[in-house]
Structures are given as structure tokens and as C-alpha cells.
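Step one of this worksheet: look at the structure below.
There are 2 protein chains.
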Amino acid sequence: MCRCCVRATTSPAPTSWCCRAEPPVGPGSTPVASATVPSADVVITGTGLFTPPYSISNAELVASLTVSVNEWNAAHASEIAVGAREARQVPDAEFIEKASGIKSRFVMNKDGVLDPHRLRPHLPLRGEDELGLQAEMALPAIYEALAQAGRRPDEVDCVIVGCSNLQRAYPAVAIEIQAALGAGGWAYDMNVACSSATFSIQSGVDALCNGSANLVVVVNPEITSGHNNFAMRDHHFIFGDACTAIVLERTADAIASEQWEVLRGRLQTKFSNAIRNDFGFLNPSEDGERDSMELVFRQRGQQVFKEVCPMVVGHIREQLDALTLEPAGVRRFWLHQANLKMNQLIAKGVLGRVPNEDEAPVILDRYANTSSAGSVIAFHLHRGDLVSGDLGVICSFGAGYSIGSQVVRKR
Amino acid sequence: MCRCCVRATTSPAPTSWCCRAEPPVGPGSTPVASATVPSADVVITGTGLFTPPYSISNAELVASLTVSVNEWNAAHASEIAVGAREARQVPDAEFIEKASGIKSRFVMNKDGVLDPHRLRPHLPLRGEDELGLQAEMALPAIYEALAQAGRRPDEVDCVIVGCSNLQRAYPAVAIEIQAALGAGGWAYDMNVACSSATFSIQSGVDALCNGSANLVVVVNPEITSGHNNFAMRDHHFIFGDACTAIVLERTADAIASEQWEVLRGRLQTKFSNAIRNDFGFLNPSEDGERDSMELVFRQRGQQVFKEVCPMVVGHIREQLDALTLEPAGVRRFWLHQANLKMNQLIAKGVLGRVPNEDEAPVILDRYANTSSAGSVIAFHLHRGDLVSGDLGVICSFGAGYSIGSQVVRKR
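These protein sequences, in sequence, are chains B and A.
Counted from 1, the first sequence has number 373 at position 373 by the working numbering; the numbering is strictly sequential.
Counted from 1, the second sequence has number 279 at position 279 by the working numbering; the numbering is strictly sequential.
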């Protein structure tokens, strides 16, 4: 008996799996239509989005970094002249949009980021009795998601914070949010970078299916401006801040007017240092000086592009194969929002052609890369026109490498 | 149909729960014996322990801090004389053992911790192509656990790192470990402080029950010496380093000669700032200077003692009530190892009398508080004498506050 969908199955060790993972017909047969995919035990009953108060255009960002780069080059002119250092290159707003599709990004603080002598946010120091910044971002997103779900905050019994950087080790940010909600049950923080949302959704689904929780909130407070490198031309434009929230419930319990079945999740990780950040609690104990560039986000962008795109194409194809669905049967792809070309290449690899904005909506033009929040923002803002039975794929990818996807269907 | 044990049950929203949570008989009836508790779908098939190479006695620690305190008091003598500052008190080895039960602790580096002018480990800076320190601690613990389980590292398809501090944000430490094992599937990092192990076990159980994973490794690489405050008399003795690992599988898949059914897990969190650490990636963006004492472990010990002990007693009692088990039917309590008096008070609250070492084994005398690893070390070192059918409770508690417990039974 398969536990998750109560159907007879065999369970050979150690390759046993939910029976939903096994194609009900042979791999060469005709894919089934959406309606024949078994119904799911868990549904998404609400999503929420907190958008920070400030937007920064490419032109503003470029103006600031240009001042900084020119000053740095002037300060290191003699070393640059004798070839001991390489001159830093000034940024280019046109290049940014062409290379990434990003036009602007939201941030929690603007003047600190744009101050060429600071290039990081100004965040007022908060005492321990004040709500932390990540909890502050989380609450409006969660309230919006709970309102969609028709649920009160005190009905929540599980809060999972999944994001690419946590503002402290303990107490967990998730427990602070749980308390602010007046929620019961339990809460914890998790991190698998850009895939923190899709992985957390799976943890929530697993907890609901196994009865460990009844009303799960997954929340992704991404303050990327706190770990981005605004001093480097290749990185300064990449990220933006945002927070998303997702409410998950067992299908049998859900009361929301709009519900999305979570048909199948897939999580995948493969180690890579091509995206890395070495800031951490052991730094003060390390002997020797770290390059300050190691203590914020860094990446080898071309390598990431080349390695991750084919992995994601294979990942999504295997997801659809497992459900015996054709890519053409997927109404919408809510992809991780890092780079427009990356998304076009991935969607092309899955669909066999470049998708239009209706098939793979873009939010990175306004939000930039918001790490784990990106694909959830796309799902949050671009699902209203879909109808009952429509299928979609929420898919994240990024540092780790980590890839996570959830195939969903509107009830 | 209850998914986790395939028995008929009702599922009222939003308070539905696994049917195992419902006492099979009324609350006033006679508790059932161990054999009548339904069998579990998931078993622990192995555990492992990495003990760091260096041990520090209380006397050694006190000698070092005494030098530091005397120098600090001398340096601030004029301020102390006029009452502008309070003199720091010298530590006392006898007091430490009397107050906590701790005699020594293991650390990854000894000379840095004992250097009165440093009071933190010396950790050689490692490049990104070298194995990280947390992954290095994790591997021997995992290999030991897998050997018990009769499993190869490449059979693992889920690695969850749960610990009270992660050495970097990305790539996840768990993915680094997954790669070092040659494991497949997926991996992520999570943190809910001292309860990271018991919570991660539940995530593993949920993933196994729902078919999201087949062979789960939970691993707890605790480098507490990297975030302890060795400069303060009230804190310097509390912690030690260690790493534990647990292998989880579905009962139907398990091949280990020794297996422990995971009968029921319970997770509970309640926000508190009584244990806190504000070190984090937002510090460089904060306006104003933080007290350096805020950037490492700090606690209000008396408050923690008073608030946490009754919570844990209630938590364990409710666990046993849900299984209609009497405390006397529990063969062994593997409790979080923070403070001997705390454990005695908790066990007394559950049993009605002070337990002996056979009922509630102590490892904190040698290991001190190893955060999430503590209760797992106790389980790892003190279960060999139990026989088939014997019941035990693994229970953690600490910062958050977080409390987690798993009721287990030897098959």
C-alpha cells in the first residue's frame, strides 16, 4: 500500500518510491491528459507577497557603482599602471538589461545601497525585543496567503522559513514569526539557497501527508541586498529583496475558494562552488585573512549557465515523464527568476521552442533575482487567468546546486 | 484512512492528525503495554558519533579564563574603582561541576580556546576546494551509522544537516556532505538550535512515509566552540563540539541487525530571547555598533531553567499519554545534555522520582552541552543493553525555545 495515495504498490528496498512516481503506463505509450493524473493529498490554498518599499533602476545602480569604480581605480592608479592590479570596469545599464532581462529591483533600504562609499543597506540596529527584519517582511506575505486560504493565523501549526540567508542562528526566525502570528505547533529555519521555497513546500507536503502538521506556512524572507556584492560589475545588478509565503493544507481540510493540487514534487542537489558565500560564524576563528569578496555572494556566471540549464531541462522532463504528461500539456511554467536567457533556454529545452510570456511569465524585469522567492512571485502574480484542470510547474534552481520543482493543478 | 499507519480514522479540519496520536482507549483507562502500541513505518537503523580529538578539563578552562579576567580587571581598574564598570569574576572549576555536572568537553582546536588572549579556536583557513570543517566532522559519524544500517553511502538519497550554526549560507553544507558520500537525491541545511536533531528526524520520517526519500541521513555537526563565549564566567564551560548521525529507513526496507521503531514524534516551539545569538549576515549592514557579547551565544540561565523544565515535562507526558504509555513503561530517557540538574528535574517531573543513570544516562560530564548532538550521543552510547520491545524517549530542548521528542522501541 502506498502511503501517500493509498494505492497498491510494491516497495523494493532501497529504490521504493511513492506509486505516483511510477508511470501508470509504459514509457513509450501516449501521455495521459491532466484529468487522469491522480488527485493530490495536499493543496496550496494561498500565496502572499511582500514587496519592499524602494525600487532601484539599472541607471541608478550604474551611476553609484561608476563613482565607486572610478575612485577605486584612481586610488590604485600606480599599481594598475605597472600591471600589479587590474583596473575595475565601469558598469553599463544597457548591458545589464541585455544580459539579464533585469530593469530594476526592490530593496529594504535604498540610500545605503546607492551610496558609492557604502554599497550596502543602512539597516537600523534593532534590539532583541523588536521584531527582526526577516519576520517583519514575512508577516504581510503570510497574512495575504492566509486570507486567500480562509484561515486565521492562530490555526497555523507549522512555520518553515526557507531562504538563502538567515539573519541569526538562534532563536530561529521561524519561531519568531510563529509567535508574531499567535500560531501553535512548531517552526524551524532551513536553507538550500534559491531552492529553499520548493524544498520547503515538499517538507510541508510530507509533514501534512504524515500527520505531523495540519496547516503549514512556508515563508521566504529574502534580504539579498545584505549578501550581494554591490562593488563588482558582474554581480551588483543581480539581486533584489522580497518575501513570499505559501499556505499548504491537506485537500480534505481545505476551504479556500482557489486551490492548487500539489501533484508531484522533485528535489535534486549536486555540489558546486560556482555560487558561494563564505560568510559564517567560524570566520572569527579562522587563521588568516579572507578576501572580503569571499564573504558575500560570488559566482562564476558562465559556468552556472552552462551547467545548470541542462540539469533543469532534464529535471523538468523527468517530472513530466513520471506523470506521463507532455510538456505541451503544461499550461504555465513559473520558473526561478535569475536570468531571462537562462529561462528561455530552459523552457526551450522542455518545450522545443522559445516560450511566450504567457507560458513562462517574467517577473525578474521588476524584481531581479529574489533567490527562493522568485518562482513563487511568478506563481503569485501570474495564475489568475488559469482555469480548473490547468497544470503548471513551479521550478527553482540555483546555488548548491539545488533544483526543486512542484507540479500543480488548479482544482 | 490515516496515511501513516493505514488505519481508518476521521480527519476533521484543521485539527486532524495521525490516528496514532489518538489514544485507542479513553483517557481514564489503563495504559497499554509496549507490545500493543502499533508498529512504526520508519526505523532508525544506525547512529554514528564523531568525537573531536581534544578534551579540555574544567581546570584547564578555568586557568585560562582566570588569566583573561585578571588582565581585563587590571586594564579596567580605574573604571572599576569609581563604579563605572563591574569587575569580572574569576571562574571556579568546582562550581562548574556542581552547577552543571560538566567535567570536560571536546573541541576541534584546543590551544586557541585556552589562549587567554584569544579564547576562540584556531581554525586553519580552508579554500573552497577543500572539505569544510562541518563536512569533515560529519563523514566519520555518517560512515559509522551507515555501517550499522548495512548500507553503502551511495544508497543514501537524502541528507539533512541539522545543527545550531551553519558555517556558510551557500552552497549548503548538506550538499557538500552528499557529494563527499557519493550519495544521490537531495540535501538541505536546517536549524532549530538544540532541537535540530529531533526535528530533522521528524522531517526524515515524514519524507520516508510520503515517499520523498528512501534512505535518509540526519547529521548534526556541532562546532559550538565557534559560537560560545569563552570570555564570560557564566558561559565559558557550557559547550563542547561533536557530530552525530542517524540513518532512517522505512521499516519494510530495513536490513540492519538492530532496528529502532520511531513510534511517535512531537515537535514544539515557543519564542524566547533567553538564549540568543545575533551574529549574522545583516551585521555589516547594521547602523551602530553591536556589543560583541551579542555576536556569540548568550543566555539568561535561570530563566531558561525555570521556563523550559516544566515545558519539557508536559511535552513528554503528552507524548506518553498519546500512546497510552505510563512513564514507568519507558525503559530509558535519552535527554538533551545541557545541565545535570535540569535533566534530573525533568526526569523527576515525568517519573515522580529522581532517575538513576540507567534510566537517564548522562554524557554531559565528558561532552558538555553539544547542542543538537547531545541526546543522540546519549542514545548512541547507551542503548546496547536494551532488548526487543524496550521503549525509550529521545528528547531535546533548548534555544527557540524548541522541544522535540521521538518515542522509539527496539524491534
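Here a beta-carbon is modelled for each residue, glycine too, at the ideal position from N, C-alpha and C.
Residue i - partner residues in DSSP beta bridges
{"i": "tyrosine 170 (chain B)", "result": "A:Asn277"}
{"i": "alanine 245 (chain B)", "result": "B:Gly48 and B:Val219"}
{"i": "serine 55 (chain B)", "result": "B:Phe106"}
{"i": "phenylalanine 397 (chain B)", "result": "B:Ile403"}
{"i": "leucine 123 (chain B)", "result": "A:Glu286"}
{"i": "leucine 386 (chain B)", "result": "In the DSSP output, where bridge partners are listed per residue, leucine 386 (chain B) has none listed."}
{"i": "glutamate 298 (chain A)", "result": "Inspection of the sequence shows that residue 298 (chain A) is occupied by arginine rather than by glutamate. For arginine 298 (chain A), which the question treats as bridged, DSSP gives the partners A:Arg276."}
Residue i - containing beta strand (DSSP E), residue span
{"i": "methionine 190 (chain A)", "result": "186-191"}
{"i": "glycine 162 (chain B)", "result": "158-162"}
{"i": "glutamate 261 (chain A)", "result": "260-269"}
{"i": "lysine 410 (chain A)", "result": "402-410"}
{"i": "phenylalanine 237 (chain A)", "result": "Premise fails: phenylalanine 237 (chain A) is in no beta strand (DSSP E) and is neither H nor E."}
{"i": "leucine 146 (chain A)", "result": "First-last for leucine 146 (chain A): 133-149, but that is the alpha helix (DSSP H), not the beta strand (DSSP E)."}
{"i": "leucine 335 (chain A)", "result": "332-335"}
Separation of residue j from residue i, as counted between CA atoms
{"i": "serine 11 (chain B)", "j": "aspartate 253 (chain A)", "result": "A caution first: serine 11 (chain B) carries a pLDDT of 36, below 50, which makes its placement in the model too unreliable to give a value."}
{"i": "glycine 389 (chain B)", "j": "glutamine 259 (chain B)", "result": "11 Å"}
{"i": "leucine 181 (chain A)", "j": "proline 153 (chain A)", "result": "5 Å"}
{"i": "alanine 322 (chain A)", "j": "isoleucine 96 (chain B)", "result": "59 Å"}
{"i": "valine 216 (chain B)", "j": "alanine 183 (chain B)", "result": "10 Å"}
{"i": "proline 310 (chain B)", "j": "isoleucine 275 (chain A)", "result": "45 Å"}
{"i": "proline 121 (chain A)", "j": "glycine 314 (chain B)", "result": "44 Å"}
{"i": "valine 393 (chain A)", "j": "valine 350 (chain A)", "result": "12 Å"}
{"i": "leucine 146 (chain B)", "j": "aspartate 206 (chain B)", "result": "20 Å"}
{"i": "lysine 270 (chain B)", "j": "glutamine 178 (chain A)", "result": "8 Å"}
{"i": "cysteine 243 (chain A)", "j": "proline 52 (chain A)", "result": "8 Å"}
{"i": "alanine 173 (chain B)", "j": "leucine 139 (chain B)", "result": "Reading off the sequence, residue 173 (chain B) comes out as valine, not alanine. Cα-Cα distance, rounded: 12 Å."}
{"i": "glycine 352 (chain B)", "j": "asparagine 343 (chain B)", "result": "13 Å"}
{"i": "arginine 250 (chain B)", "j": "lysine 306 (chain B)", "result": "39 Å"}
{"i": "glutamate 326 (chain A)", "j": "glutamine 303 (chain A)", "result": "30 Å"}
Member of the options whose CA lies at the smallest distance from the CA of residue i
{"i": "valine 262 (chain B)", "options": "B:Met311, B:Asp278 and B:Gln406", "result": "B:Gln406"}
{"i": "aspartate 278 (chain B)", "options": "A:Ala169, A:Thr47, A:Ile44 and A:Ala187", "result": "A:Ala169"}
{"i": "alanine 368 (chain A)", "options": "A:Asn339, A:Asp385, A:Phe379 and A:Ser396", "result": "A:Asn339"}
{"i": "valine 192 (chain A)", "options": "B:Ala180, B:Ser200, B:Ile175 and B:Phe199", "result": "B:Ile175"}
{"i": "glutamine 319 (chain A)", "options": "A:Val408, A:Val376 and A:Phe239", "result": "A:Val408"}
{"i": "histidine 336 (chain B)", "options": "B:Ala328, B:Gly329, B:Val330 and B:Ile346", "result": "B:Ile346"}
{"i": "arginine 332 (chain B)", "options": "B:Ser78, B:Pro355, B:Ser257 and B:Thr324", "result": "B:Pro355"}
{"i": "leucine 125 (chain B)", "options": "B:Arg118, B:Leu119 and B:Leu133", "result": "B:Leu133"}
{"i": "phenylalanine 128 (chain B)", "options": "B:Pro171, B:Ala138 and B:Val161", "result": "With the sequence shown as reference, residue 128 (chain B) is identified as glutamate, and phenylalanine is not the correct amino acid for it. For the residues B:Pro171, B:Ala138 and B:Val161, the minimum Cα distance to glutamate 128 (chain B) belongs to B:Pro171."}
{"i": "glutamine 148 (chain A)", "options": "A:Gly301, A:Pro361 and A:Ile255", "result": "A:Ile255"}
{"i": "asparagine 229 (chain B)", "options": "B:Ile238, B:Lys348 and B:Pro221", "result": "B:Ile238"}
{"i": "arginine 290 (chain A)", "options": "B:Gln268, B:Glu307, B:Arg317 and B:Leu123", "result": "B:Leu123"}
{"i": "glutamine 167 (chain B)", "options": "B:Glu136, B:Cys194 and B:Gly185", "result": "B:Glu136"}
{"i": "glutamate 359 (chain A)", "options": "A:Asp111, A:Gly329, A:Arg118 and A:Cys163", "result": "A:Gly329"}
{"i": "leucine 381 (chain B)", "options": "B:Gly150, B:Gly400, B:Gly398 and B:Glu357", "result": "B:Glu357"}
{"i": "arginine 366 (chain B)", "options": "B:Ile160, B:Gly398, B:Val107 and B:His235", "result": "B:Val107"}
{"i": "asparagine 58 (chain B)", "options": "B:Ala81, B:Gly204 and B:Ala99", "result": "B:Ala99"}
Under 9 Å from the C-beta of residue i: neighbouring residues of chain A
{"i": "arginine 120 (chain B)", "result": "Pro284 and Ser285"}
{"i": "asparagine 165 (chain B)", "result": "Ala169, Tyr170, Gly280, Phe281 and Leu282"}
Run of the alpha helix (DSSP H) containing residue i, from where it starts to where it stops
{"i": "glycine 46 (chain A)", "result": "Here glycine 46 (chain A) belongs to no alpha helix (DSSP H); instead the beta strand (DSSP E) covers 42-50."}
{"i": "tyrosine 367 (chain A)", "result": "364-367"}
{"i": "isoleucine 346 (chain A)", "result": "340-351"}
{"i": "valine 205 (chain B)", "result": "196-209"}
{"i": "glutamine 302 (chain B)", "result": "301-322"}
{"i": "glutamate 326 (chain B)", "result": "First-last for glutamate 326 (chain B): undefined, no H or E at that position."}
{"i": "histidine 380 (chain B)", "result": "374-381"}
{"i": "isoleucine 417 (chain A)", "result": "Here chain A covers residues 1 to 411 and nothing more, so residue 417 (chain A) does not appear."}
{"i": "aspartate 111 (chain A)", "result": "111-114"}
Residue i: contacting residues in chain A (beta-carbon distance under 8 Å)
{"i": "arginine 276 (chain B)", "result": "Glu128, Arg168, Tyr170 and Pro171"}
{"i": "proline 124 (chain B)", "result": "Glu286, Asp287 and Gly288"}
{"i": "aspartate 241 (chain B)", "result": "Within chain A, no residue comes near aspartate 241 (chain B); the closest Cβ sits about 12 Å away, beyond 8 Å."}
{"i": "alanine 179 (chain B)", "result": "Lys270 and Phe271"}
{"i": "isoleucine 346 (chain B)", "result": "By Cβ distance, chain A contributes nothing, its closest Cβ being about 19 Å from isoleucine 346 (chain B), past 8 Å."}
{"i": "leucine 133 (chain B)", "result": "Leu282"}
Under 8 Å by beta carbon: chain B residues contacting residue i
{"i": "histidine 227 (chain A)", "result": "Ala169 and Phe281"}
{"i": "glycine 265 (chain A)", "result": "Ser212"}
{"i": "methionine 190 (chain A)", "result": "Tyr188, Asp189, Met190 and Asn191"}
Chain-ordered neighbours of residue i on chain B, where CB pairs are closer than 9 Å
{"i": "serine 402 (chain A)", "result": "Tyr170, Pro171, Ala172, Ile175, Trp186, Ala187 and Tyr188"}
{"i": "valine 376 (chain A)", "result": "Simply none; closest approach about 17 Å."}
Contact set between residue i and chain B, taken where Cβ atoms lie within less than 7 Å
{"i": "cysteine 309 (chain A)", "result": "By Cβ distance, chain B contributes nothing, its closest Cβ being about 18 Å from cysteine 309 (chain A), past 7 Å."}
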